[in-house]
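Notes follow once the structure below has been shown.
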Amino acid sequence: MAQNAAVAKAIPALAHLASLIGDPAVRYRGTIGGSVANNDPAADYPAAVLALGATIVTNKRRLKAEEYFQGLFSTALEADEIITKVMFPLPKKAAYVKFRNQASRYALVGVFVAKRPSDVRVAVTGAGAEGVFRVTAFEEALKKRFSHKVLDGLTVPAQGLNSDLHGSAEYRAHLIAVLTRRAVEAATAKA
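Position in the sequence shown counted from 1, then plus 17, gives you our numbering.
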């Protein structure tokens, strides 16, 4: 995914996200289907799936991202289902910014911002106690004007965020705000 020319041309933010996953051994052995099926709270791909409004295709049905992720390591997949494809609609603009755990390179906080034809989505990974989630307050502000400046003064409450030896919930809340601004700046710089 990180080196795929078609992905890099169609959704450069997705190719960039893939280039940031773990180390080469993890990147070359892991799959997007496996990552999305596992729904690890610090995995990168779920943020892209949710922000871009992807469709998860299984051997039995199609699931929209909004109905697919159901909490920490939990998805709408049934025991006899396997992911066969993930379909991404093309955004007008998108970017992914990640603050990595230095040892393992997983997302302490990762933010994927996508300006789609119909709306704007901000999806966060690594910070939520229940896994990947959207920040609707940021989305509403960005819908009015897609600029990092509209986010000035907006914050995310620490309640419901992870808190561990790598960072408190308050620290992660601060990172979400900072990384969202950086992602919007990156998305607008690529236009």
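All C-beta atoms, glycine included, are put in the ideal place defined by N, C-alpha and C.
Annotation for A186: A175, L178, S180 place their beta carbon closer than 6 Å to its own, counting only its chain and skipping 5 residues before and after.
In this structure, I193 lies away from V130, with their beta-carbon atoms at least 8 Å apart. Closest in alpha carbon position to V53, among T101, V201, A25, is T101. A straight line joining the alpha-carbon of T172 with that of V152 spans about 10 Å.
Taking E84 as the centre and dropping the five residues before and after it, the same chain places the C-beta of A93 closer than 8 Å to its C-beta, in chain order.
In this structure, the alpha-carbon of I38 lies about 29 Å from that of D169.
Y45 and M18 have their C-alpha atoms some 9 Å from each other.
With 16 or more other CB atoms across the displayed protein chains lying within 10 angstroms of its CB, N56 is buried. Residue state for F155 is assigned as helix, using DSSP reduced to three classes. Cα atoms of L125 and R117: separation of roughly 5 Å, rounded to the nearest angstrom.
Judged by their CB atoms, T75 and M104 are not nearer to each other than the 8 Å cut-off. The beta carbon of G143 sits closer than 6 Å to the beta carbons of A59, A124, L125, V126, G127 from its chain, once the five residues preceding and following it are set aside; these are given in chain order. Cα atoms of V114 and E98: separation of roughly 31 Å, rounded to the nearest angstrom.
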